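Contents: one structure, followed by commentary.
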Amino acid sequence: MVIGGGGREHTLVWKIAQSPKVKEIFVAPGNAGTARIAENLDLHPTDVEALGEAAKDKSIDLVVVGPEIPLALGIVDYFDSLGIPVFGPSKAAAQIESSKVFARNLMEKYGIPCPEGKVFTSYPEAREYLERQQSPVVIKADGLAAGKGVIITSSRQEAIKALNDIMKAKIFGSAGERVIIDEYLNGRELSLIAFTDGRTVSPMVPACDYKKIWDNDKGPNTGGMGSYSPPGFFPAELIEKATNTILLPAVRAMASEGITYKGVLYAGLMLTDRELLTLEFNCRFGDPETQAVLPLLKTDLVDILLAVIQGNLDQAKIEWSSEACVGVVMASAGYPGSYKKGLPIKGLNEVDKDLLIFHAGTKLGDDGTIYTNGGRVLTLVGTGKNMAEAREKVYSNISKIYFDGCHYRKDIALREIKRINSKS
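Here you go:
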């Protein structure tokens with residue numbers, strides 16, 4: 000049983016379905032894409048007890064948790080108490096994402112490289128500190144904010160507005176009771192996600208995602224408008240460095256605090272001219288990075304999930320394709336603000352057969368029509384022997400799919416191709 004209903008979960012279901020060990024997959028709640036390869040259950044990801052009942056009723060052998068909120072609520076602890084194998088970190092371990100202050104304190108205590116910054120619980124103190132800082136600065140809400148709780152501000156006026164929005168207007172609710180004010184860093188940003196059983200850490204291929212809604216990184220933050228993997232500026236030696244200086248130390252730091260971290264650990268990283276720094280940790284597969292990473296996994300995903308749960312990840316041989324992968328999100332008009340639902344999606348069967356389409360905000364109608372049901376609707380994914388080929392596969396097909404008001408970024412992976420061309 001896979002818990003969640005977005006593009007990340009459709010990707011997980013698609014990959015799990017390739018395992019010869021798997022007879023049947025249930026998804027709670029799933030979407031129109033998962034409905035084609037699994038059985039959707041009309042259950043909310045945070046209704047932990049109902050999910051437990053369903054798992055017992057369906058004789059589930061393995062539970063995989065997608066989103067961060069159920070993890071932060073302790074869904075893994077609950078399934079553990081039922082004796083049902085579950086992939087994901089415990090409630091205590093999920094604090095590494097559910098509280099940026101927890102993560103910052105951990106990094107500072109154990110010497111894990113991160114930006115210079117300060118934690119505030121008092122608005123007047125935070126405001127006074129801001130008045131003394133040079134712009135730009137980064138303001139982060141402490142708690143979960145659907146991937147939108149980090150605001151990069153380019154002027155003092157913007158910074159004060161962001162602080163007011165988070166701490167006074169409470170646009171992220173209780174997530175804004177504490178804030179971190181960080182220095183702004185120049186560099187290249189990327190995501191490095193790893194499997195870990197609490198002792199061994201096995202990194203996936205790195206990916207770059209795009210947070211801003213419009214081309215050239217304009218407009219408000221979203222949950223992610225696309226991604227590509229792997230970025231050429233982050234070769235094997237840097238993956239090894241990040242594993243040894245950030246991922247492994249974080250898992251060991253948690254162990255020193257009495258917390259066994261099992262599942263995936265996601266590090267948002269910044270490569271500056273001087274060093275490699277940790278911007279954030281997440282306690283789950285990234286979205287949309289998963290859509291651009293899992294298509295490159297050659298090993299049976301179920302074998303890896305079980306190795307993590309059983310604590311023998313050191314014995315798993317995990318192989319990755321050397322191909323490139325590009326994913327582009329198609330979003331509803333108005334996203335990341337308010338948007339309409341229930342619009343018919345056309346052209347899904349008109350694309351090339353080797354294009355992957357991962358559903359996120361979609362719903363299957365009684366008449367068999369697929370309708371929009373969210374802000375991020377679909378992720379179109381192409382793989383190829385190089386980034387240009389993977390990108391071309393997506394953009395030569397994307398205009399064949401249509402729903403009223405749909406929009407997408409036209410520049411996903413373009414900077415990577417320009418970087419490669421400038422070197423050749």
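First residue of the sequence shown? That's 0 in numbering that gives the first Met the number 0, and the numbers climb one at a time after it.
Heads up, the beta-carbon is just placed ideally off N, CA and C, and yes, glycines get one too.
Computed from a predicted structure; not experimentally measured.
Please state if the CB of alanine 37 and the CB of isoleucine 425 are separated by a distance shorter than 9 Å. For residue 425 there is no data in the structure shown, the boundaries of the chain being 0 and 423.
To the nearest angstrom, report how far apart glycine 197 and arginine 187 are at their CA atoms. 29 Å
Check each candidate in Asn185, Ile416, Leu275 and Gly341 and name the one with the smallest Cα separation from glycine 374. Of Asn185, Ile416, Leu275 and Gly341, the smallest CA-CA separation from glycine 374 is found for Gly341.
Close Cβ partners of alanine 412 (< 6 Å) along its chain, the five nearest in sequence each way excluded: Tyr227, Val325, Met386 and Arg390
With 16 other CB atoms within 10 Å as the buried threshold, where does threonine 271 fall? Residue burial is scored here from C-beta neighbours: threonine 271 has fewer than 16 other C-beta atoms within 10 angstroms and is therefore classed as exposed.
Going by C-alpha distance, which of Ala53, Ala206 and Ala140 is nearest glycine 223? Ala206
Between the segment 330-345 and the segment 228-247, do at least 3 Cβ pairs fall closer than 8 Å? no
Residues sharing a beta bridge with glutamate 182, DSSP: Val136
Go ahead and pull the three-state DSSP assignment for lysine 22. coil
Classify glutamate 67: buried if its beta carbon has 16 or more other beta carbons within 10 angstroms, exposed otherwise. buried
Beta-carbon contacts of lysine 316 that lie in its chain and below 8 Å, excluding the five residues immediately before and after: Thr298
Could you tell me which residues DSSP pairs with asparagine 281 in its beta bridges? In DSSP, asparagine 281 forms a bridge with Tyr265.
Short check: CB of isoleucine 376 to CB of alanine 359, under 9 Å? Sequence inspection shows valine at residue 376; the isoleucine mentioned does not correspond to that position. In contact: valine 376 and alanine 359 (Cβ atoms closer than 9 Å).
Given valine 307, which residues of its chain have a CB within under 8 Å of its CB, disregarding the five upstream and five downstream residues? Phe86, Phe194, Thr195, Asp196, Lys261 and Gly262
Round the Cβ separation of valine 47 and leucine 72 to the nearest angstrom and send it over; I've been treating them as touching at under 8 Å. 7 Å
Alpha helix (DSSP H) runs contained entirely in the segment 68-150, provided each spans 4 or more residues: 74-81, 90-97, 99-109 and 122-130
Buried versus exposed, by CB contacts within 10 Å (16 or more), alanine 323: Answer is buried; the Cβ neighbour count reaches 16.
If I'm right that isoleucine 180 touches lysine 117 with Cβ under 8 Å, what's the distance once you round it to whole angstroms? Correct: roughly 6 Å between the Cβ atoms.
Is the distance from the Cβ of serine 331 to the Cβ of glycine 404 below 9 Å? A contact, by the Cβ cut-off of 9 Å.
How far does the alpha helix (DSSP H) with histidine 43 in it extend, from its first residue to its last? That residue, histidine 43, is in no alpha helix (DSSP H); it is neither H nor E in DSSP.
Could you say if the segment 9-17 and the segment 284-304 meet the contact criterion of at least three C-beta pairs nearer than 8 Å? yes
Taking all protein chains shown into account, do 16 or more other C-beta atoms lie within 10 angstroms of the C-beta of serine 430, making it buried, or fewer, making it exposed? Because the chain here runs from 0 to 423, residue 430 falls outside it and cannot be looked at.
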